[in-house]
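Residues in the sequence shown are numbered from 17 upward in steps of one, following our numbering. Note that CB positions come from ideal geometry on N, CA and C, so glycine has one too.
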Amino acid sequence: MSQRYAFGRILAALHEAALDSDAWTGAAVLIHEALGVHGSTLACGDGESEEDFQLYFMWFCLHGERRTDLERLWWETGFPADRTVTRCRHLPFDRTTHITDLYTEDELRTALGYHLLKTRARAGNAINIRLEGPGDSRIFWQVNDPLDRDGWTSGKLDRIRRLQPHVRQTVHVRQALAGAGALGESLAGLLDATGLGIVQLNARGRIVAANDRALTLLRAGDTLFDKGGFLFAQAQADDDTFQAVLARALPPFGDRGEGGSLTIKRPAPLPPLVVHVNPLHPQEVWSRGWPVAALVLLAEPALGTGIDPDLAQAVLGLTPTESRVAVMLADGLSVREIATALGREASTIRFHVKRIFARHGLNRQADLVRLVLSLAGAANRRR
Numbered sequence: 017m018s019q020r021y022a023f024g025r026i027l028a029a030l031h032e033a034a035l036d037s038d039a040w041t042g043a044a045v046l047i048h049e050a051l052g053v054h055g056s057t058l059a060c061g062d063g064e065s066e067e068d069f070q071l072y073f074m075w076f077c078l079h080g081e082r083r084t085d086l087e088r089l090w091w092e093t094g095f096p097a098d099r100t101v102t103r104c105r106h107l108p109f110d111r112t113t114h115i116t117d118l119y120t121e122d123e124l125r126t127a128l129g130y131h132l133l134k135t136r137a138r139a140g141n142a143i144n145i146r147l148e149g150p151g152d153s154r155i156f157w158q159v160n161d162p163l164d165r166d167g168w169t170s171g172k173l174d175r176i177r178r179l180q181p182h183v184r185q186t187v188h189v190r191q192a193l194a195g196a197g198a199l200g201e202s203l204a205g206l207l208d209a210t211g212l213g214i215v216q217l218n219a220r221g222r223i224v225a226a227n228d229r230a231l232t233l234l235r236a237g238d239t240l241f242d243k244g245g246f247l248f249a250q251a252q253a254d255d256d257t258f259q260a261v262l263a264r265a266l267p268p269f270g271d272r273g274e275g276g277s278l279t280i281k282r283p284a285p286l287p288p289l290v291v292h293v294n295p296l297h298p299q300e301v302w303s304r305g306w307p308v309a310a311l312v313l314l315a316e317p318a319l320g321t322g323i324d325p326d327l328a329q330a331v332l333g334l335t336p337t338e339s340r341v342a343v344m345l346a347d348g349l350s351v352r353e354i355a356t357a358l359g360r361e362a363s364t365i366r367f368h369v370k371r372i373f374a375r376h377g378l379n380r381q382a383d384l385v386r387l388v389l390s391l392a393g394a395a396n397r398r399r
């Protein structure tokens, strides 16, 4: 089997796994075969400390099987005792890191977490990668020990790096669908989703069908619009990026497409629109007999609390910028989305959040959100 054919099969499996979590094991098996490894772990979570950490999912695959027993063992026993969890949160994005570099020499001999990985998961010689997840979440991908004695050759490491963006894209699409309650839905069922815009395209990029949320966004025309049955972005720079993503997702001559995403700014006070493009397996067919070659997902944060930033500023004693940041967090926007909307760096937004924390004795974003939401009653009384 050629490497190109094997890579194409992996891409198709990842696109399927993005739509249905049950398909991840099949994609993982193909990845393991291509890399020549015992297994892998894929997880996604959120939070900057042990107190506010939230795990969205964790999938252990070993020797061709999903191992829920190892997932449970690690979560209940290994995770609480393993200091590398905190260290992994601070790894540079997209950089391959050998597992032994996360432990001290003493921990390699005594740490329960490493002992479990080495003896139960065949991951004592694993490679770890930290990837950016949706919003402020983080994706953790661990590739277990090689099957042969050659170890981590440059060829294997290169294949891991080539797969990284596609694994990340799978999680982004999966989380968008999960947030809308549409994970695992059929093509027809996706059109009933209300919390996410869904557009179905044929192999030429022409719109086959769209749900109500997508039609509303297209009619607004401030980000994407429909012209002659094809999708375009309003701003030229955004459209150049969007058309490039579509071209990679819908290549000519039946080649395997590659998924992609972009974020499009909208006029204030609207939050940015996140656009995901996910190719489909050629055998997927729309119920009317029209082939659907790709899905375009239009994701936007929650519509908002309706709390006036001026009210937050007055009641909570915040600066104008801090009050806007606090209300946008309560509206469901992530730090990166707020940074995009305000034209600032994400580090600047985090600085404002820390100042709010210090002013009100808070430690978690969840506590800040609850504090802002408590102003809803005052807002109603004002009205």
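So for D117, helix, strand or coil by DSSP?
Here D117 sits in helix by DSSP.
Alpha-carbon spacing of P325 relative to S339, whole angstroms
Taking the straight line joining both Cα atoms gives about 5 Å.
By the three-class DSSP mapping on this structure, what secondary structure does I176 have?
It is helical.
task = Using beta-carbon positions only, say whether L334 and A346 come within less than 9 Å of one another.
result = Cβ atoms of L334 and A346: not closer than 9 Å.
Query raised in the report: Between which two residues does the alpha helix (DSSP H) harbouring D166 extend?
Result: Premise fails: D166 is in no alpha helix (DSSP H) and is neither H nor E.
ask   = Excluding five sequence neighbours on each side, which residues of the same chain lie with their C-beta closer than 7 Å to the C-beta of V187?
value = Cβ neighbours of V187 within its own chain (closer than 7 Å, five residues either side excluded): C60, G149, I155.
| Who does K243 pair with in a DSSP beta bridge? | Paired residues: F246.
- Indicate whether W40 and W91 have their beta-carbon atoms separated by less than 9 Å. No. Outside cutoff.
Which residues share a DSSP beta bridge with H292?
-> H292 pairs with S277, L313.
Those runs of the beta strand (DSSP E) which lie wholly inside the region 48 to 132 and span at least 3 residues: With a minimum length of 3 residues, the continuous beta strand (DSSP E) runs that stay inside the region 48 to 132 are 55 to 62, 70 to 78.
Exercise. What's the C-alpha gap between R83 and V224?
Worked result: Roughly 39 Å separates the two Cα atoms.
- prompt: Considering only C-alpha positions, which residue in the set A251, L286, V293 is nearest to V261?
  reply: Residue V293 is the option with its Cα nearest to V261.
query = Nearest-angstrom Cα distance between Q180 and T112?
reply = In a straight line, the C-alpha of Q180 is about 10 Å away from that of T112.
Query raised in the report: In chain order, what residues of the same chain lie with their CB nearer than 7 Å to the CB of A309, ignoring the 5 residues before and after it?
Result: In the same chain as A309, and ignoring 5 residues on each side of it, the C-beta atoms closer than 7 Å to its own belong to L217, N218, A219, L266, P295, L296, in chain order.
Three-state secondary structure (DSSP) of E201: Of the three classes helix, strand and coil, the one that applies to E201 here is coil, per DSSP.
Would T135 and Y119 qualify as a contact pair, given that the criterion is a beta-carbon distance under 9 Å?
It is not a contact, given that the beta carbons lie outside the stated cut-off.
| Across which residues does DSSP place L147 in a beta bridge pair? | L147 is bridged to I155.
R352 (DSSP reduced to helix, strand or coil):
DSSP places R352 in helix when its eight states are reduced to three.
Under DSSP, the alpha helix (DSSP H) around A33 begins and ends at which residues? In this chain, the alpha helix (DSSP H) harbouring A33 covers 19 to 35.
_Taking a contact to mean a Cβ-Cβ separation below 9 Å, would you say D98 touches A127 in this structure?_
Cβ atoms of D98 and A127: closer than 9 Å.
Discussion item. Since K172 and G52 should fall inside the 8 Å C-beta cutoff, what is the C-beta to C-beta distance between them, to a whole number of angstroms?
Written reply: Distance from K172 to G52 at the Cβ level is roughly 7 Å; contact confirmed, criterion being Cβ atoms closer than 8 Å.
Would you mind reading off the limits of the beta strand (DSSP E) that contains A263? Where A263 is concerned, there is no enclosing beta strand (DSSP E), although the alpha helix (DSSP H) around it starts and stops at 252 to 265.
| said: Under DSSP, the alpha helix (DSSP H) around L345 begins and ends at which residues? | reply: Counting along the chain, the unbroken alpha helix (DSSP H) around L345 starts and ends at 336 to 346.
On the CB-based measure, 16 or more other CB atoms within 10 Å of its CB, does E81 come out buried or exposed? So E81 counts as exposed.
Notebook entry, point to check: CB-CB under 7 Å to I280, same chain, minus the five flanking residues each way: which ones, in chain order?
Noted result: Excluding sequence neighbours, I280 sits near T239, A249, D254, P288, L289, V291.
I need the boundaries of the alpha helix (DSSP H) containing I372, first residue and last residue.
Here the alpha helix (DSSP H) through I372 covers 362 to 376.
Next item on the list: May I have the straight-line CA-CA distance separating D85 from G200, to the nearest angstrom?
Entry: Rounded to the nearest whole angstrom, the CA to CA distance from D85 to G200 is 23 Å.
Could you have a look at A282 and say whether DSSP puts it in helix, strand or coil?
It should be noted that the sequence gives Arg, not Ala, for residue 282. It is coil, neither helix nor strand.
Using only the alpha-carbon positions, how far apart do H376 and L314 sit?
Near 36 Å, if we compare the C-alpha coordinates of L314 and H376.
Assigned exposure category for H54 - 16 Cβ within 10 Å defines buried
Burial call: buried.
Between the Cα of D164 and those of A22, R146, H48, spot the shortest distance and give me the residue it belongs to. If we check each option's Cα against that of D164, H48 comes out closest.
Practice problem: Determine the DSSP secondary structure at L212, reduced to helix, strand or coil. | Solution: Coil at L212, not helix or strand.
Mark Y21 as exposed unless 16 or more other C-beta atoms lie within 10 angstroms of its C-beta, in which case mark it buried.
Label assigned to Y21: exposed.
In three-state DSSP terms, what is R386?
Shown here, R386 sits in a helix according to DSSP, grouped into three states.
Note to self: Can you give me the C-alpha to C-alpha distance between L58 and A230, rounded to a whole angstrom?
What the structure shows: Looking at the two C-alpha atoms, the distance is approximately 30 Å.
Flag this pair as yes or no: are the beta carbons of G245 and Q185 separated by less than 9 Å?
For the pair G245 and Q185, the CB atoms are not nearer than the 9 Å cut-off.
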